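K.L.:
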Amino acid sequence: MEERKELTKRAKATLDDLNLQLQNLVYEEAHYNKEIQHCRDFRPREVVHDLLPAPPSGTEAAAKPDEDEESRAHRLMTQRLAAELEERKRHEVEALTSRKAALQEANQAKRKFLHGLRSRLQTIAQAAEPAQQHFGYTSTEKTDSFDTAGQLPAPLYTLFAQLNAHKLAFDTGIGVSVGGDAEAALALNAQLSRRGSTVATRLMAERTESQTDKPHQFAIHPLAVLLHFPNGDDMAQGVALKLRFEYLYELNVVGVRVEHGDETLLHNLYPRDIGLTSPNPANRYLFNQEVSIKQGYPGRAYKWAQWAAGLGFAQEERGLPGRPHVASIIQRLKARIRDHRSLNTQLNLLGKGMIPGQPHAALHIWKEISAAEFQASELLGAAGAAGLEEGELGSRTTGREAEGLPWHCYASRHFYALLKKPECIELEVFARVGTEYPYRPPEWRLRWKVYNGKRGWVPYTFPASVSADAHPTALDAVGRASPCDNQLKALDMRLNSAWDTKQGEESMLLSHQCVVLQVGATPVPRW
Numbered sequence: 000m001e002e003r004k005e006l007t008k009r010a011k012a013t014l015d016d017l018n019l020q021l022q023n024l025v026y027e028e029a030h031y032n033k034e035i036q037h038c039r040d041f042r043p044r045e046v047v048h049d050l051l052p053a054p055p056s057g058t059e060a061a062a063k064p065d066e067d068e069e070s071r072a073h074r075l076m077t078q079r080l081a082a083e084l085e086e087r088k089r090h091e092v093e094a095l096t097s098r099k100a101a102l103q104e105a106n107q108a109k110r111k112f113l114h115g116l117r118s119r120l121q122t123i124a125q126a127a128e129p130a131q132q133h134f135g136y137t138s139t140e141k142t143d144s145f146d147t148a149g150q151l152p153a154p155l156y157t158l159f160a161q162l163n164a165h166k167l168a169f170d171t172g173i174g175v176s177v178g179g180d181a182e183a184a185l186a187l188n189a190q191l192s193r194r195g196s197t198v199a200t201r202l203m204a205e206r207t208e209s210q211t212d213k214p215h216q217f218a219i220h221p222l223a224v225l226l227h228f229p230n231g232d233d234m235a236q237g238v239a240l241k242l243r244f245e246y247l248y249e250l251n252v253v254g255v256r257v258e259h260g261d262e263t264l265l266h267n268l269y270p271r272d273i274g275l276t277s278p279n280p281a282n283r284y285l286f287n288q289e290v291s292i293k294q295g296y297p298g299r300a301y302k303w304a305q306w307a308a309g310l311g312f313a314q315e316e317r318g319l320p321g322r323p324h325v326a327s328i329i330q331r332l333k334a335r336i337r338d339h340r341s342l343n344t345q346l347n348l349l350g351k352g353m354i355p356g357q358p359h360a361a362l363h364i365w366k367e368i369s370a371a372e373f374q375a376s377e378l379l380g381a382a383g384a385a386g387l388e389e390g391e392l393g394s395r396t397t398g399r400e401a402e403g404l405p406w407h408c409y410a411s412r413h414f415y416a417l418l419k420k421p422e423c424i425e426l427e428v429f430a431r432v433g434t435e436y437p438y439r440p441p442e443w444r445l446r447w448k449v450y451n452g453k454r455g456w457v458p459y460t461f462p463a464s465v466s467a468d469a470h471p472t473a474l475d476a477v478g479r480a481s482p483c484d485n486q487l488k489a490l491d492m493r494l495n496s497a498w499d500t501k502q503g504e505e506s507m508l509l510s511h512q513c514v515v516l517q518v519g520a521t522p523v524p525r526w
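Listed below in structure tokens is the structure:
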């Protein structure tokens, strides 16, 4: 009995295992059927339309004799897929065509709006001009200058950016703008870009053209940068100096023209810089000669203008000052304007017989003379000890005349003065005022004139001028010429020792030296 129970238990456990395996298989079968159905029902996003329905049986192509049912179904499916592809292409083309038409319509509307935007902005700017003038705001002029500055050549654009940055940061009184023909500049820029960017490339291209088509070596770019200096704190008080910076693109240099003001203000703004020759060393080799700016250009090509425009040419001489920045150039120009204004004021008073600040000065003559007359004063002084009469000139020339004038004497002004003393004494004065006044003091030449009775007024002696930086040996030589020359030596030293005297903001150097002349002329014994 126990044995039968054990057999029944084993058989039941086996049946349970088989039943469990059957249930698992049924579950797996249902799961697989479900996944298969999901795969069959899956529709990717690319499928927009259903396949075209199968054609009716009567319209099908005749089946091949050896074609079975499976091949026939495959052929029909291939035909349906090909037809479906063509249909979908047609729908895609229609959709893209509709989108293209909509985009073209939108672009046309935007283009029409942009074409009319400039006229609308101009209308708004014109309507805002009264308000801008009332508040002193010139945004319209700034916008026009910035728009035109895009057509400037690289050196002038660099200069414009530097000057405008200095104006915005430090000095709102100066005026910076762009002038010229923008349309001509646009055409020229396109022409230069086709010919080449460097001067050598452009010149090589020009050599292949006819001589009639060759541009002049002093050709100027149509656009220029304008720099204005006011008489006072702003432009409302007038313009004291107006500079025009132009680009000579064949020489690759920047020229400066003075449109309003004294041209000598720019001479020797920095030492040895008078702007008569091209500062670009390459021009000597490109044109096989030293290029003189004055031959074909009304302005000057100063070195400081090249530095401000970013044209880095190597210095031909050692010991020259380093390249200044724009702020230093502006400060020097403003100081030069201020100093020349002070100088002109003093010269006007001297021309009226008055020493500035000393209305009772015994000044009888003050007049401007030529450089030749000033040079003749050296010859007259050299012959004074030989007993030449007044007005006679010696026959020999000095070493300075033979070698030519130094660079700091270029564009100098020369003056003659006569001071009288009550002791029958007259002091003749020859003065040379350079363009670097007052930083380089005037050069003075002195001569006594005494009353000799029968001969009248005759020159006593006329030693060489003693400059402020003269060697002590030269001063002693002048002092040993005669007893009366010691007085001129002392007076000359006093003249040149007061060069750093200032009154207020403007230099009164010339007036101080004239006062020294007035109070320093001591009597000499009568002949």
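Anchor point for the sequence shown: position 334 equals 333 in numbering that gives the first Met the number 0, and the numbering is continuous, going up by one each time.
All residues carry an ideal CB built from backbone N, CA and C; glycine is no exception.
Model, not experiment: these values are computed from the prediction.
(1) Measuring alpha carbon to alpha carbon, tell me which of 221, 191, 250, 262 ends up nearest residue 215.
(2) Counting along the chain, where does the beta strand (DSSP E) carrying residue 364 start and finish?
(3) Using the rule of at least 16 other Cβ atoms within 10 Å of the residue's Cβ for burial, across every protein chain shown, is residue 508 buried or exposed?
(4) Assuming residue 375 contacts residue 154 under a Cβ cut-off of 8 Å, what Cβ separation, rounded to an integer in Å, is found between them?
(5) What whole-angstrom Cβ distance do residue 428 and residue 445 have, given they're in contact under 8 Å?
(6) Determine the direct distance from the alpha carbon of residue 416 to that of residue 366, and round the result to whole angstroms.
(7) Out of curiosity, what's the CA-to-CA distance linking residue 81 and residue 116?
(8) Is residue 502 helix, strand or coil when you go by DSSP?
(9) How do the segment 330-345 and the segment 289-298 stand: do at least 3 beta-carbon pairs fall below 8 Å, yes or no?
(10) Leaving aside the five residues before and after residue 166 along the sequence, list all residues of the same chain whose C-beta is less than 6 Å from its C-beta, in chain order.
(11) Per DSSP, residue 445 is paired with what?
(12) How about residue 349 and residue 301: are their beta carbons less than 8 Å apart?
(13) In three-state terms, what does DSSP make of residue 238?
(14) What residues are listed by DSSP as bridge partners for residue 174?
(15) Determine, using beta-carbon pairs with one atom in the segment 174-192 and one in the segment 322-330, whether at least three such pairs fall under 8 Å.
(16) Give me the Cα-Cα distance between residue 439 and residue 433, rounded to the nearest whole angstrom.
(17) Helix, strand or coil, according to DSSP, for residue 179 in the structure here?
(18) Does the separation of the CB atoms of residue 242 and residue 255 fall below 8 Å?
(19) What are the residues that DSSP puts in a beta bridge with residue 299?
(20) Measuring CB to CB, does residue 494 end up less than 8 Å from residue 517?
(21) Among all the DSSP beta bridges, which residues are the ones paired with residue 158?
(22) Where does residue 97 sit, in a helix, a strand or coil, going by DSSP?
(23) Among 152, 92, 13, 17, which has the Cα closest to the Cα of residue 219?
(24) Given this structure, state the Cα-to-Cα distance separating residue 84 from residue 147, to the nearest angstrom.
(25) Can you look up residue 415 in the DSSP assignment and give me helix, strand or coil?
(26) Beta carbon of residue 406, beta carbon of residue 271: below 8 Å?
(27) Is it buried or exposed for residue 42, if we count other Cβ within 10 angstroms and need 16 for buried?
(28) According to DSSP, residue 246 sits in a beta bridge with which residue or residues?
(29) For residue 253, which option in 238, 298, 123 has the closest C-alpha, if you only look at C-alpha atoms?
(30) Give me the DSSP bridge partner(s) of residue 291.
(31) Measure the alpha-carbon distance for residue 515 versus residue 264 and round it to whole angstroms.
P.N.:
Reading off the structure:
(1) Counted from its first residue, the sequence shown places residue 215 at position 216. Taking only the C-alpha atoms, the option nearest residue 215 is 250.
(2) Taking the sequence shown and counting its residues from 1, one reaches residue 364 at position 365. That run of the beta strand (DSSP E) goes 362-368.
(3) On the sequence shown, position 509 is the one that residue 508 refers to. That one is buried.
(4) Here residue 375 refers to the residue found at position 376 when the sequence shown is read from its first residue. Here residue 154 refers to the residue found at position 155 when the sequence shown is read from its first residue. Not a contact, Cβ separation roughly 45 Å.
(5) Your numbering for residue 428 matches position 429 in the sequence shown. Your numbering for residue 445 matches position 446 in the sequence shown. Confirmed, about 6 Å.
(6) As a working note, residue 366 is residue 367 in the sequence shown. As a working note, residue 416 is residue 417 in the sequence shown. C-alpha separation (whole angstroms): 7 Å.
(7) Here residue 81 is taken as the residue at index 82 of the sequence shown, counted from 1. Here residue 116 is taken as the residue at index 117 of the sequence shown, counted from 1. Near 52 Å, if we compare the C-alpha coordinates of residue 116 and residue 81.
(8) One-based indexing of the sequence shown puts residue 502 at position 503. Note on residue 502: pLDDT 46, under 50, position unreliable in the model; no value is reported.
(9) Output reads no: the segment 289-298 does not touch the segment 330-345.
(10) The sequence position of residue 166 within the sequence shown is 167, counting from 1. If the five residues before and after residue 166 are omitted, its C-beta is found closer than 6 Å to the C-beta atoms of 173, 175, all from its own chain and listed in chain order.
(11) Working through the sequence shown from its first residue, we reach residue 445 at position 446. Per DSSP, 428.
(12) Walking along the sequence shown from the start, residue 349 turns up at place 350. Walking along the sequence shown from the start, residue 301 turns up at place 302. Not a contact, by the Cβ cut-off of 8 Å.
(13) As a first step, residue 238 is located in the sequence shown; it is residue number 239 there, counting from the start. The three-state secondary structure of residue 238, taken from DSSP, is strand.
(14) In the sequence shown, the residue the question calls residue 174 occupies position 175. BP columns for residue 174 point to 227.
(15) Flag = no, the segment 174-192 and the segment 322-330 do not touch.
(16) Taking the first residue of the sequence shown as position 1, residue 439 is located at position 440. Taking the first residue of the sequence shown as position 1, residue 433 is located at position 434. The alpha-carbon atoms of residue 439 and residue 433 are separated by roughly 7 Å.
(17) As a working mapping, residue 179 is identified with position 180 in the sequence shown. Correct three-state label for residue 179: strand.
(18) Your numbering for residue 242 matches position 243 in the sequence shown. Your numbering for residue 255 matches position 256 in the sequence shown. By the CB criterion at 8 Å, residue 242 and residue 255 fall inside the cutoff.
(19) Here residue 299 refers to the residue found at position 300 when the sequence shown is read from its first residue. Beta-bridge pairing links residue 299 to 255.
(20) For the purposes of this step, residue 494 is taken as the residue at position 495 of the sequence shown. For the purposes of this step, residue 517 is taken as the residue at position 518 of the sequence shown. No. Outside cutoff.
(21) Within the sequence shown, the letter at position 159 stands for residue 158. Paired residue(s): none; residue 158 is not in a bridge.
(22) Along the sequence shown, one-based indexing puts residue 97 at 98. The three-state secondary structure of residue 97, taken from DSSP, is helix.
(23) For the purposes of this step, residue 219 is taken as residue 220 along the sequence shown, with counting starting at 1. Taking only the C-alpha atoms, the option nearest residue 219 is 152.
(24) Mapped onto the sequence shown, residue 84 falls at position 85. Mapped onto the sequence shown, residue 147 falls at position 148. Between the alpha carbons of residue 84 and residue 147 lies a gap of roughly 57 Å.
(25) Numbered from 1 along the sequence shown, position 416 holds the residue referred to as residue 415. Three-state DSSP puts residue 415 in a strand.
(26) By one-based count along the sequence shown, residue 406 stands at place 407. By one-based count along the sequence shown, residue 271 stands at place 272. Remark: C-beta atoms of residue 406 and residue 271 approach each other more closely than 8 Å.
(27) As a working mapping, residue 42 is identified with position 43 in the sequence shown. Residue burial annotation: residue 42 is exposed, with fewer than 16 other C-beta atoms found within 10 angstroms of its C-beta.
(28) Along the sequence shown, read from residue 1 onward, the residue named residue 246 stands at position 247. According to DSSP, residue pairing for residue 246 in a beta bridge involves 253.
(29) Taking the first residue of the sequence shown as position 1, residue 253 is located at position 254. The shortest CA-to-CA distance from residue 253 to any of 238, 298, 123 is the one to 298.
(30) The residue you call residue 291 lines up with position 292 of the sequence shown. The secondary-structure analysis by DSSP pairs residue 291 across a beta bridge with 276.
(31) The residue labelled residue 515 in the question sits at position 516 within the sequence shown. The residue labelled residue 264 in the question sits at position 265 within the sequence shown. Residue 515 and residue 264 have their alpha carbons spaced roughly 27 Å apart.
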